[in-house]
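Notes follow the structure.
In our numbering, the protein residues as written are 6 to 603.
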């Protein structure tokens with residue numbers, strides 16, 4: 006039981022961009038109000054978390070809440086700041102009760118297949134129902150509304166800002182000669198881009214999906230720039246183009262937003278969908294597809310009732326956060342953490358499979374990347390080729406096993422083959438001071454202050470002390486680093502022939518666990534060129550469509566480059582919206598809900 010003195014108390018907690026400061030009002034041993042007084046967190050991504058955290062802490066009377074807010078670190082910074090303030094007020098016992106809001110529980114275990122629609126109560130009816138407000142869902146909503154159809158979009162989280170797109174680095178991958186490619190003097194063609202995608206795909210990609218992406222990728226870039234209002238800054242070459250130059254002329258295709266963040270994509274897409282009249286319902290969990298007696302999809306069962314629609318589009322993301330699914334389909338990625346949205350639990354894939362949908366490429370990640378866990382349910386994905394400070398990777402034996410400057414797709418597979426499927430990333434103060442540019446989104450805190458404070462990264466003045474913190478043989482680790490430093494003086498990695506970033510270590514030293522990671526999985530529901538979901542006989546399931554990382558087949562053996570996951574979601578999201586709209590047989594007034602036959 007808390008024993009607190011009434012008053013207003015101030016506290017602070019480390020976030021991603023420094024200290025988050027709060028004032029907490031205490032009365033009668035309760036938290037009456039929490040106010041964020043000062044913070045420097047990332048605009049857009051953290052906005053919702055900084056708003057929701059104080060509300061939830063007061064409502065739940067606890068500063069120990071697990072919630073889906075997207076910006077987990079910012080949310081936790083508020084919690085730490087509130088704890089700091091309460092300790093100044095006295096004994097906050099009882100106000101640290103663990104509350105988990107991340108996992109929604111189903112209301113019932115009923116089977117929603119083969120039902121008589123006349124015997125079901127529906128909360129609302131619409132022409133097109135979309136599950137998920139990420140890249141695919143928003144693109145679908147815009148396209149369906151532009152076709153004149155009524156659209157409802159259901160989203161599990163509290164905001165459209167919590168998707169993989171928002172958490173991404175802000176890239177859209179397109180070849181074939183976009184206006185921005187031409188403006189930068191980059192020569193490319195659809196044929197050249199297609200040859201590149203075939204080369205990295207190695208026959209593992211669905212040729213139909215590859216051709217659709219090539220056909221529409223460039224025009225959808227123009228749509229994003231001109232119709233939606235996304236501001237793109239430049240095109241970069243961030244893929245495997247040089248390694249594939251035997252098959253296709255290398256060309257920059259990763260189009261970066263001015264914001265250098267997925268926020269630059271998600272905000273204008275949402276605003277456009279909203280302006281066109283899409284109805285959004287947040288904080289709602291889709292649980293089961295509803296089918297009629299002919300197994301035709303007629304709606305969705307949620308934790309807040311049933312929704313009926315003539316067309317349903319599933320755009321709920323993949324399953325990179327579902328450890329059990331990962332163990333079954335992609336065990337390499339069950340070791341580390343995903344650096345995508347917290348809500349990647351495979352819900353849409355599960356719901357589709359329950360009514361007979363065919364699954365494809367469930368073993369395949371969006372990107373065979375690598376990441377370091379930097380917080381509770383938070384992982385940052387290192388872009389090793391961008392590093393300029395000293396670093397090495399050592400296994401559980403404290404030894405290097407291969408050159409570290411390889412393409413991240415290959416590095417991920419190499420690391421997975423080692424004992425326990427991870428390595429220790431060893432680096433020094435130079436790397437820490439270079440943050441956050443040494444890591445990709447979500448970015449690390451300045452100088453790694455928060456990561457070290459929370460214990461996810463280790464720091465020590467000596468190699469021996471560092472080895473003790475991470476459970477390695479200090480003698481072997483010291484020999485490994487001494488060998489590296491000596492090789493650097495010679496200007497040559499005599500063990501593995503590494504060519505980049507040959508720099509000697511200086512104290513203090515840092516360590517972080519580095520494991521295979523991905524923004525999301527790239528396997529899921531099988532779809533055709535019209536984004537119709539297929540059954541196990543490759544027949545379309547009536548009224549059901551899907552797009553984005555809920556689907557499989559769009560990428561091949563090697564990830565093409567930064568932004569390709571977004572491209573797939575936008576291209577097939579737009580197609581799903583048009584297909585679903587064309588499938589609707591009657592018009593519904595979006596404002597009144599009244600039905601009007603054509």
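Beta carbons: idealized from backbone N, C-alpha and C, even for Gly.
- prompt: Is residue 371 helix, strand or coil by DSSP?
  reply: As a working note, residue 371 is residue 366 in the chain shown. The answer is coil: DSSP assigns residue 371 none of H, G, I, E or B.
Query raised in the report: Mapping DSSP to helix, strand and coil, what is residue 263?
Result: For the purposes of this step, residue 263 is identified with residue 258 of the chain shown, where counting begins at 1. In this structure, residue 263 counts as coil in the three-state DSSP scheme.
Assigned secondary structure, residue 8 (DSSP; H/G/I helix, E/B strand, else coil)
Within the chain shown, residue 8 is the residue found at index 3, counting from 1. DSSP places residue 8 in strand when its eight states are reduced to three.
Given a cut-off of 8 Å on the beta-carbon distance, is the pair residue 485 and residue 395 in contact? Against the chain shown, residue 485 aligns to sequence position 480. Against the chain shown, residue 395 aligns to sequence position 390. No, the Cβ-Cβ distance between residue 485 and residue 395 is not below 8 Å.
Quick one: is residue 378 buried, meaning 16 or more other Cβ sit within 10 Å of its Cβ, or exposed? Mapped onto the chain shown, residue 378 falls at position 373. Buried, by the Cβ-count rule.
Measuring CA to CA, which of 294, 321 and 454 is closest to residue 312?
Position 307 of the chain shown holds residue 312. Comparing Cα positions, the closest option is 294.
Less than 8 Å between the beta carbons of residue 589 and residue 259, yes or no?
Counting from one through the chain shown, the residue named residue 589 turns up at place 584. Counting from one through the chain shown, the residue named residue 259 turns up at place 254. Not closer than 8 Å, so no.
>> I need the straight-line Cα distance from residue 400 to residue 422, nearest angstrom please.
In response: Your numbering for residue 400 matches position 395 in the chain shown. Your numbering for residue 422 matches position 417 in the chain shown. Looking at the two C-alpha atoms, the distance is approximately 11 Å.
Local Cβ density within 10 Å of residue 67, reported as buried at 16 or more and exposed below that
For the purposes of this step, residue 67 is taken as residue 62 along the chain shown, with counting starting at 1. Residue 67 is buried by the Cβ-count criterion.
Q: Go to residue 178, then tell me how far its beta strand (DSSP E) extends in each direction, as first and last residue.
A: In the chain shown, the residue the question calls residue 178 occupies position 173. Residue 178 -> beta strand (DSSP E) spans 176-178.
Discussion item. Tell me whether the stretch 266-283 and the stretch 98-107 touch, counting them as touching only if at least three CB pairs, one residue from each stretch, are closer than 8 Å.
Written reply: no
How about the stretch 328-336 and the stretch 142-155: do they share at least three Cβ pairs that are nearer than 8 Å?
-> no
What residues are listed by DSSP as bridge partners for residue 124? As a working note, residue 124 is residue 119 in the chain shown. Paired residue(s): none; residue 124 is not in a bridge.
Q) Going by the CB atoms, is the gap between residue 252 and residue 373 shorter than 8 Å? A) Looking up residue 373 in the chain shown gives position 368. Looking up residue 252 in the chain shown gives position 247. No, the pair does not count as a contact, with Cβ atoms beyond the cut-off.
Neighbour-count burial assignment, residue 579, 16 or more Cβ in a 10 Å radius = In the chain shown, residue 579 corresponds to position 574, counting from 1. Burial call: buried.
*asked:* Assuming residue 206 is part of the alpha helix (DSSP H), what are its boundary residues?
replied: Here residue 206 refers to the residue found at position 201 of the chain shown. Where residue 206 is concerned, the enclosing alpha helix (DSSP H) stretches over 195-206.
Would you mind giving the Cβ-Cβ distance between residue 79 and residue 51, rounded to the nearest angstrom? I have them listed as a contact below 8 Å.
-> Stepping through the chain shown from its first residue, residue 79 is reached at position 74. Stepping through the chain shown from its first residue, residue 51 is reached at position 46. Their Cβ separation, rounded to whole angstroms, is 4 Å, which keeps residue 79 and residue 51 in contact under 8 Å.
Query - Distance between beta carbons of residue 522 and residue 376, contact taken as under 8 Å - result: Counted from its first residue, the chain shown places residue 376 at position 371. Counted from its first residue, the chain shown places residue 522 at position 517. Their Cβ separation, rounded to whole angstroms, is 3 Å, which keeps residue 376 and residue 522 in contact under 8 Å.
ask   = If you check the beta carbons only, do residue 162 and residue 553 fall under 8 Å apart?
value = On the chain shown, position 157 is the one that residue 162 refers to. On the chain shown, position 548 is the one that residue 553 refers to. No, the pair does not count as a contact, with Cβ atoms beyond the cut-off.
- Task: Tell me, to the nearest whole angstrom, how far the beta carbon of residue 481 is from that of residue 404; I am working on the premise that it is less than 8 Å.
- Result: Here residue 481 refers to the residue found at position 476 of the chain shown. Here residue 404 refers to the residue found at position 399 of the chain shown. 6 Å between Cβ atoms; contact.
- Message: Can you confirm whether the stretch 87-103 touches the stretch 265-277 when touching is taken to mean that 3 or more C-beta pairs between the two stretches lie within less than 8 Å?
- Response: no
| message | Using the three-state DSSP reduction, which class does residue 305 fall into: helix, strand or coil? | response | In the chain shown, counting from the first residue as 1, residue 305 sits at position 300. In the structure shown, residue 305 sits in a strand (DSSP, three-state: E or B).
| For residue 187, which beta-bridge partners are listed by DSSP? | Position 182 of the chain shown holds residue 187. Answer is none; residue 187 lacks a bridge partner.
Cα-Cα, which of 287, 63 and 524 is closest to residue 307? Position 302 of the chain shown, counted from the start, is the residue given in the question as residue 307. Per the Cα distances, 287.
- Name the two residues that bound the continuous alpha helix (DSSP H) containing residue 147. In the chain shown, counting from the first residue as 1, residue 147 sits at position 142. Run containing residue 147: 140-151, per the alpha helix (DSSP H) assignment.
Whole angstroms is fine: what's the gap from residue 575's alpha carbon to residue 498's? Here the question's residue 575 lines up with position 570 in the chain shown. Here the question's residue 498 lines up with position 493 in the chain shown. Using only the alpha carbons, I get a separation of about 43 Å.
Between 263, 265, 245 and 264, which lies nearest to residue 256 when the distance is taken from Cα to Cα?
Here residue 256 corresponds to residue number 251 of the chain shown, with the count starting at 1. For residue 256, the nearest C-alpha among the options comes from 245.
Once DSSP output is grouped into helix, strand and coil, what is the label at residue 214?
In the chain shown, counting from the first residue as 1, residue 214 sits at position 209. Correct three-state label for residue 214: helix.
Exercise for the section: Name the residue from 128, 243 and 37 whose alpha carbon lies nearest to the alpha carbon of residue 261. Expected result: In the chain shown, the residue the question calls residue 261 occupies position 256. Checked all of 128, 243 and 37; the closest Cα to residue 261 is 243.
Does DSSP put residue 25 in a helix, a strand or coil?
Position 20 of the chain shown, counted from the start, is the residue given in the question as residue 25. Three-state DSSP puts residue 25 in a strand.
Query raised in the report: Which residues in the same chain have their Cβ closer than 6 Å to the Cβ of residue 551, if we skip the five residues on either side of it in sequence?
Result: Counted from its first residue, the chain shown places residue 551 at position 546. Only 319, 530, 532 and 538 meet the Cβ criterion.
Note to self: Quick check on DSSP: helix, strand or coil for residue 80?
What the structure shows: For the purposes of this step, residue 80 is taken as the residue at position 75 of the chain shown. The answer is helix: DSSP assigns residue 80 an H, G or I state.
- C-beta atoms of residue 4 and residue 160 nearer than 8 Å: Beyond the ends of the chain as shown, which are 6 and 603, falls residue 4; an answer cannot be given.
DSSP-derived helix/strand/coil call for residue 110
Numbered from its first residue, the chain shown carries residue 110 at position 105. Note that residue 110 scores 46 on pLDDT, short of 50, meaning its location in the model is unreliable; the coordinates nonetheless yield the value given after this. Coil, per DSSP.
- prompt: In terms of alpha-carbon separation, which member of 518, 459, 169 and 314 lies closest to residue 381?
  reply: For the purposes of this step, residue 381 is identified with residue 376 of the chain shown, where counting begins at 1. It is 459.
**OP:** Have a look at the DSSP bridge pairing and note the partners of residue 464.
**Re:** For the purposes of this step, residue 464 is taken as the residue at position 459 of the chain shown. DSSP lists 515 as partners of residue 464.
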